[in-house]
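Participant: Take a look at the following structure, please.
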Amino acid sequence: MPELIITKDIDAPDLDTLDGYRQHGGYEALAKALKEYQPDDLVEMVKKSGLRGRGGAGFPTGMKWSFLAKNDKTRYLCCNADESEPGTFKDRMIMEKNPHELVEGVIITSYACRVSVAFIYVRGELALAGRQVERAVEEAYAAGYIGKNILGSGFNLDVIVHHGAGAYICGEESALMESLEGRRGYPRLKPPFPAAIGLYGGPTVINNCETLATLPAIVKNGAEWYASFGTEKSKGTRIFCLSGHVKKPGNYELPLGTSLRTLIYDEQYGGGILADKQLKAIIPGGSSTPMLGADKVDTPLDFEAIAAAGSMLGSGGVVVMHEDTCIVGAVLRMIEFYRDESCGKCTPCREGTYWMTELLHRLEHGQGKESDIDLLVDICDNIGGKSFCPLGDAAITPVASSIKLFREEYEYHVREGRCMVGAGAALAAVH
Amino acid sequence: MISEQAKQRMRDLAARYPVARSAVMPALHIAQQEEGYITQDALQAVAEAIGMTVDDVESIATFYTMYYQQPPGKKIIKVCNSIACYLRGCDALVSHLEQRLGIKQGETSADGKYTLMTAECLASCGTAPVLQVNNEFVENVTLEMADTLVDEWNRELSAKETEPKTEIRL
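Chains A and B supply the protein sequences, listed in that same order. Our numbering puts the first sequence at residues 8 to 438. Our numbering puts the second sequence at residues 26 to 195.
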């Protein structure tokens, strides 16, 4: 069993309280950071650790911090805890069970980036997580970890917990800032990037919840220690959210580079496919990442290997589908999500997700035409790269990747008017 | 009516953020807690507390799906129907609840007791299928569990109905 970093002690009783967290070494990293390091040293440390963003894009964290514009405007930190990528449930766990780890990460990052006001944007639907984070912030204020002259260092910080209200798009960083500013969550055009002109026009760093929760361990144990986990280019561990047709779904923190096979089949983790059926497809990083076929099960879960296999590590949400899954039905369900969550700002995404849903719906229910399949591919081409934010690109991913891998299933739907496999076969016959 | 206490909380929030209008979302949450949904009064109160126009506040309230435009039932049941729950049978759960509650998804029962809706991925894929009742999770839901839950809700809501109403004199 590899040594765990972020989820170490996650099931310890009272870990969610200040005292409980401190019993497990909580806030020692903050004291160390403030006492032994200048902010810029911490940026260097995080660069050296190789930590990359755990939200989806996987951008190197230290490098992101070093891009902050050097001017006299107020700097802001936004913690993106608006977890809503289908297949992802790690940030919710961190917030519910170990909220102080996140808060400590927020404070360390704020110090490293010379931020004076930090926001934690918690997804509105996650009520318990929101309460836990709010309480942790209050406790940290009372203990002098947040506020004026933190631990006698002269560093001042204000932390505001902000609750979302139901909009997947607010997980996109520029939409998140719009939402924080009290507007509809419409993405902004980039550049300028948030590091230059972000929240309220100030230089802004936006990091995912898991990324921030990793920082106390890095500060406490050092960059080299962290970099000793994982692979040459993908350092450290991350929480893989395993779901779908596996025997033991759940969150498993593993070193990057662990194979999909280990995650899915090892008794300590997924324990194999439900009812010992055949593996059919894997979504390796949340529904916005391309599907992989069963032949890719030996791919290591690191940024480079997953990219070479044709997908992305994304948010770490590994969704497993077995042989009885109708791919057309599953893709329809995924596209309905993007149709509903498209903010409507850009025409290609707003209209394209709608029409893809309509086409998939008629294919799934046996009313599709042969030309619908190519029409879907054509729509993908008309959305990809033609919208402000990555939601449109994400929406075409399940469609494009599944047509590439499982075109025969789409054709079967056209020809036979029903699903090739699965419970959906009988269901479709009724329609 | 939005209480004076709630209005004060909204004004405090407006002062807490670097820019007042950032408080519009939390202020709407407060208003909804009081009224159950976003009423005209709620829009008015938020607009006054934050210093925005009513139309501007409404444009925010109609963008985010957690602000209800109509009065919901006493029990708001959201069943996740995204991919991980789909693979674990959430559609059967939705049909079952529709049958038990006598309403379709998206509807509120005529007696105002229940609102049933589907929700986008609720970050509970490892314990799918999942539902929320008034924002609190129930995980690994089986059809049997759903039956037990509906029975409990029914009991709870009918108990409330028979409670003697106490008159408060000030």
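The beta carbon of each residue, even a glycine, is placed where N, CA and C say it ideally should be.
Under DSSP, the beta strand (DSSP E) around Y111/B begins and ends at which residues?
Facilitator: Here the question's residue 111/B lines up with position 86 in the second sequence. Note, Y111/B: premise wrong, no beta strand (DSSP E); alpha helix (DSSP H) at 108-112.
Participant: Could you tell me the distance, in whole angstroms, from the CA atom of L195/B to the CA atom of D66/B?
Facilitator: Numbered from 1 along the second sequence, position 170 holds the residue referred to as residue 195/B. Numbered from 1 along the second sequence, position 41 holds the residue referred to as residue 66/B. Caution is warranted here: a pLDDT of 48 is assigned to L195/B, below 50, making its placement in the model unreliable, and no coordinate value can be reported.
Participant: Can you tell me whether A184/B is buried or exposed? The criterion is at least 16 other CB atoms within 10 Å of its CB, across all chains shown.
Facilitator: Here the question's residue 184/B lines up with position 159 in the second sequence. So A184/B ends up on the exposed side.
Participant: Helix, strand or coil for S294/A, going by three-state DSSP, please let me know.
Facilitator: Along the first sequence, one-based indexing puts residue 294/A at 287. Coil.
Participant: Here's a check: name, in chain order, each residue in its chain whose Cβ is nearer than 7 Å to the Cβ of R99/A, leaving out the five neighbours to either side.
Facilitator: Within the first sequence, residue 99/A is the residue found at index 92, counting from 1. Here the set comprises E90, L133, A136.
Participant: Kindly indicate if chain B contains any beta-carbon less than 9 Å away from that of E10/A.
Facilitator: On the first sequence, position 3 is the one that residue 10/A refers to. E10/A does not count as touching chain B.
Participant: Could you name the residues that DSSP lists as bridge partners for R59/A?
Facilitator: Your numbering for residue 59/A matches position 52 in the first sequence. DSSP lists P67/A as partners of R59/A.
Participant: Expressed to the nearest angstrom, what Euclidean distance is found between the alpha-carbon atoms of Q30/B and E181/B?
Facilitator: Position 5 of the second sequence, counted from the first residue, corresponds to residue 30/B. Position 156 of the second sequence, counted from the first residue, corresponds to residue 181/B. For Q30/B and E181/B, the distance between alpha carbons rounds to 29 Å.
Participant: Assign G151/A to one of two classes, buried (16 or more other C-beta atoms within 10 Å of its C-beta) or exposed (fewer than that).
Facilitator: As a position in the first sequence, residue 151/A is number 144, starting the count at 1. By the neighbour-count rule (16 or more Cβ atoms within 10 Å), G151/A is not buried but exposed.
Participant: Note down the Cα distance separating F74/A from S349/A, rounded to an integer number of angstroms.
Facilitator: The residue labelled residue 74/A in the question sits at position 67 within the first sequence. The residue labelled residue 349/A in the question sits at position 342 within the first sequence. Their backbone Cα atoms lie some 29 Å apart in a straight line.
Participant: With a threshold of 6 Å on Cβ separation, who are the neighbours of C150/B within its own chain once the five nearest residues in sequence on each side are excluded?
Facilitator: Position 125 of the second sequence, counted from the start, is the residue given in the question as residue 150/B. So the qualifying residues of the chain are A109.
Participant: Should the stretch 156-166 of chain A be regarded as contacting the stretch 33-46 of chain A, the criterion being three or more beta carbon pairs within less than 8 Å?
Facilitator: Verdict: yes, contact present.
Participant: Give the secondary structure of H329/A by DSSP, where H, G and I count as helix, E and B as strand, and everything else as coil.
Facilitator: Position 322 of the first sequence, counted from the start, is the residue given in the question as residue 329/A. Here H329/A sits in strand by DSSP.
Participant: Roughly how many whole angstroms lie between the Cα atoms of K15/A and G359/A?
Facilitator: The residue you call residue 15/A lines up with position 8 of the first sequence. The residue you call residue 359/A lines up with position 352 of the first sequence. Straight-line Cα distance between these residues: approximately 43 Å.
Participant: What are the boundary residues of the alpha helix (DSSP H) that includes T81/A?
Facilitator: In the first sequence, counting from the first residue as 1, residue 81/A sits at position 74. Premise fails: T81/A is in no alpha helix (DSSP H) and is neither H nor E.
Participant: Apply the 10 Å Cβ neighbour rule to D309/A and answer buried if 16 or more other Cβ atoms are within range, or exposed otherwise.
Facilitator: What you label residue 309/A is simply residue 302 of the first sequence in a count that begins at 1. It is buried - the Cβ of D309/A has at least 16 other Cβ atoms within 10 Å.
Participant: Would you say E83/B reaches chain C, if we count a Cβ-Cβ gap shorter than 9 Å as a contact?
Facilitator: Of the protein chains in this structure, namely A and B, none is chain C.
Participant: How would you write the range of the beta strand (DSSP E) that C146/B sits in, first residue to last?
Facilitator: For the purposes of this step, residue 146/B is taken as the residue at position 121 of the second sequence. Neither: C146/B is in no beta strand (DSSP E) and is coded neither H nor E.
Participant: Rounded to whole angstroms, what's the CA-CA distance from A45/B to L187/A? Just pull it up for me.
Facilitator: Within the second sequence, numbered from 1, the residue matching residue 45/B stands at position 20. Within the first sequence, numbered from 1, the residue matching residue 187/A stands at position 180. Near 11 Å, if we compare the C-alpha coordinates of L187/A and A45/B.
Participant: Ordered along the chain, which non-local residues of its own chain (more than five positions away) have a Cβ less than 7 Å from that of I517/A?
Facilitator: Past the edges of chain A, shown from 8 to 438, lies residue 517/A, and the structure says nothing about it.
Participant: Is T187/B near the ligand COA, in the sense that its beta carbon is under 8 Å from a heavy atom of that ligand?
Facilitator: Judged by which ligands are present, the structure shown has none, so any question about the ligand COA falls away.
Participant: Near A436/A, what residues of its chain come up, given a Cβ to Cβ distance below 7 Å and the 5 sequence neighbours on each side ignored?
Facilitator: Sequence index remark: in the first sequence, residue 436/A carries index 429 (1-based). A caution first: A436/A carries a pLDDT of 37, below 50, which makes its placement in the model unreliable, though a value can still be read off. Answer for A436/A: R425, listed in chain order.
Participant: Name the chain A residues whose beta carbon is nearer than 8 Å to that of L50/B?
Facilitator: Reading the second sequence from its first residue, position 25 is the one you call residue 50/B. Sequence check: residue 50/B is Met here, not Leu. Going along chain A in sequence order, the residues near M50/B (Cβ under 8 Å) are H169, H170, G171, A172, S186, G189.
Participant: Taking the alpha-carbon of A203/A as reference, which of M298/A, E416/A, K97/A, R82/A has the nearest alpha-carbon?
Facilitator: One-based indexing of the first sequence puts residue 203/A at position 196. Out of M298/A, E416/A, K97/A, R82/A, R82/A has the C-alpha closest to the C-alpha of A203/A.
Participant: How would you list, in chain order, the residues of chain A whose beta-carbon sits under 9 Å from the beta-carbon of H54/B?
Facilitator: As a position in the second sequence, residue 54/B is number 29, starting the count at 1. Within chain A, the residues near H54/B are G131, H170, A172.
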